[in-house]
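Here's the structure, in structure tokens; my notes come after.
Residue numbers (my numbering), protein chains in the order written: chain E, 1 to 480; chain D, 1001 to 1201.
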């Protein structure tokens, strides 16, 4: 048998047929749904008199609009209440399991899928959310879809989709102290660009990736989409299997042993052909911080904000110069919005808000690393700091370790589980031109709820360091 | 039955155009997240690019000269970021019937196609010519031929790329895939029945 990548194996296994349009009809093993991108999909189903084909392969939760302070119903926000009620009604009507606010299983969809053991190697996973790429950390092929495609999956458990190419990204070496998965993926996106991944799935491997915990692998895969790659994955290994053992929806007993064999067989074969390959030196990665308005615009914490004019003058004439001019336009736009100066060091940039949370970095190990930095310290007086666990289970586990006390004593707020200030669909948001040190995934204009608010993406430990010092600080100086 | 749907076939889109310059225009900018707080797509059109329009008085969507435009002309990686279908829905409800650009994010492209909003790509020079023609005279009439894979404007013809599957879906009116995917449900059951994680390993 020819050598295949994990993506190819999963794709082949789930292909129903080639459609007359030329696309693949792909079976979806797990459909995760939430309140934001599904109400219209269910209405479209009803309008056609269609049902949900495989309700047992669908799982719902509520995350985007959840208030993290007062969760009493009805919500103070009438629109949020309407969305919540719609999801409750739809799950009831179509027989879909729902981890609602009253459930101990509620949380951000990309946090609960893995922690419940729903997310497993070898699956195809779809969800109406671009960060569905997160689940690729387990060796699943997982991608975000829009609402009409949610309707398609509800109705047929299938998607009409074009095949993806695979880019192997090998990260060599090992990450230094204070350097995390977030820094790896920010480095990758800075290197390959925010559209470099269009048409590709990213396969992450090499010693620096294999050495990561599942939480960290999820952080890397989560931001694949920020590099333009609709999906990203890590081949399943013992770390993956250990994580899954004993999870509520993972196979148990003999079935777990059989599953492990099958999961391992789905990993990319040695010598499998890749459409592209990239090498990254993991030893050289330092903590990174974004300075602009897309996740590709980041620098190492010891570096300076780029100065395109200085760079352009060093370039040769012709094509390179033309490219540099285009870059200069993007940099100018970003710096004008951020109010930052070209060539200035990123360290020392004052922050007003610190946010530890989101589907990128709200898991137990993220909270532990942030707590390690703030333990015994105080949040700077001018900084508003929030720690928002990704799920109720994460919150409980963190509290069992006393992490909530570490955050509270330092002056952080300790909140309920949800997407919170990543995209501000709940009451948590930036005001005016506030600068936020954020462990989330997007620094787009207006992303955190204020049209003029400014986001600096970084690891949870770096957010904690910024919260304490009141400015962008190299967390390595604060860890002993 | 996957017969074509005559009333939904899209073989061309014509009208005036609206040039929107800039790379990596993300879906948070096309429609800010606060407008996702709704259980329908109704009314999204009026909020398209709301924050950009408020902060940039010369934003093309604010410019009365482009009112009523049918074709949106953009640069690279348009629609990056969030998978919100609300973005192409907002554009469509504002009145946009097709997009022509250097490149589109994959999820945006899929969402746009599935609501019957064709997105065609052209090289940078072609996009520049279309933008320049429209900026020079906003009344310039533009025609996107899905069948012929080109755009005509101001006496010029710019070749465009539309993936075969997308072109086929638009030309046959099968851009809404649900019926197609339910066409052979036995085959769907057959795949489900061979998956180790469905059968208990």
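We put the CB at the ideal spot given by N, CA and C, even for glycine.
- Annotated as proximal: residue 380(E) and residue 470(E), with beta-carbon spacing under 9 Å.
- Of the candidates 64(E), 191(E), 211(E) and 48(E), 64(E) places its Cα closest to the Cα of residue 34(E).
- Residue-level contact by beta carbon holds for residue 37(E) and chain D, with a gap shorter than 9 Å.
- At a cut-off of 9 Å between C-beta atoms, residue 53(E) counts as an interface residue with respect to chain D.
- Ranked by how close their Cα comes to the Cα of residue 30(E), the residues 156(E), 51(E), 417(E) and 238(E) have 156(E) in first place.
- Under the three-state reduction of DSSP output, residue 142(E) falls in the strand class.
- Residue-level contact by beta carbon fails for residue 308(E) and chain D, as no gap is shorter than 9 Å.
- Rounded to the nearest whole angstrom, the CA to CA distance from residue 141(E) to residue 1057(D) is 43 Å.
- Judged by beta-carbon spacing, residue 181(E) lies within the 9 Å limit of residue 215(E), meaning their Cβ atoms are closer than that value.
- Among the CB atoms of chain E, one or more fall inside 9 Å of the CB of residue 1077(D).
- For residue 158(E), DSSP records a beta bridge to 27(E).
- Straight through space, the alpha carbons of residue 1068(D) and residue 207(E) are spaced by roughly 55 Å.
- Chain order gives the chain E residues near residue 1029(D) as 444, 445 and 446, where near means a beta carbon separation below 8 Å.
- In this structure, the CA atom of residue 372(E) is about 14 Å from the CA atom of residue 179(E).
- With its beta carbon less than 9 Å from one in chain E, residue 1185(D) belongs to the interface.
- Per DSSP, the continuous beta strand (DSSP E) segment holding residue 169(E) begins and ends at 165 to 172.
- Residue-level contact check: residue 83(E) touches chain D, since one or more beta carbons of chain D fall below 9 Å from its beta carbon.
- If you look at residue 128(E), you'll find it isn't in any alpha helix (DSSP H); DSSP assigns it neither H nor E.
- Per the Cβ contact rule, the region 1180 to 1196 of chain D is in contact with the region 16 to 25 of chain E (3 or more Cβ pairs under 8 Å).
- Taking 3 residues as the shortest admissible run, the region 1024 to 1092 of chain D contains the following complete beta strand (DSSP E) segments, listed from N- to C-terminal end: 1071 to 1074.
- Not one beta carbon of chain D lies nearer than 9 Å to the beta carbon of residue 463(E).
- Here DSSP, grouped into helix, strand and coil, assigns residue 195(E) to coil.
- Along the region 1033 to 1044 of chain D, the positions whose C-beta sits under 9 Å from a C-beta of chain E are 1033, 1034, 1036, 1037, 1038, 1039, 1040 and 1041, read in chain order.
- In the displayed model, residue 1153(D) falls within a strand according to three-state DSSP.
- A buried status is given to residue 195(E), since no fewer than 16 other beta-carbon atoms sit within 10 Å of its beta-carbon.
- Contacts with chain E at 9 Å (Cβ-Cβ) do not include residue 1061(D).
- Take residue 125(E), set aside five residues on each side of it, and the residues of its chain with a beta-carbon closer than 6 Å to its own are 30, 135, 140 and 142, in chain order.
- Bounds of any beta strand (DSSP E) do not take in residue 178(E), whose DSSP letter is neither H nor E.
- At least 9 Å separates the beta-carbon of residue 441(E) from that of residue 218(E).
- Each residue's CA atom was taken as its position, placing residue 1096(D) and residue 102(E) some 42 Å apart.
- For residue 45(E), the uninterrupted alpha helix (DSSP H) segment begins and ends at 39 to 48.
- Using a Cβ-Cβ cut-off of 9 Å, residue 194(E) counts as an interface residue toward chain D, since at least one Cβ of chain D sits closer than that to its own.
- Around the CB of residue 1138(D), 16 or more other CB atoms lie within 10 Å, so the residue is classed as buried.
- Counting the other CB atoms within 10 Å of its CB gives residue 232(E) a total of 16 or more, which places it among the buried residues.
- Annotated three-state conformation of residue 273(E) is coil, per DSSP.
- Chain-ordered listing is empty here: chain E has no CB closer than 7 Å to the CB of residue 1097(D), the nearest sitting near 17 Å.
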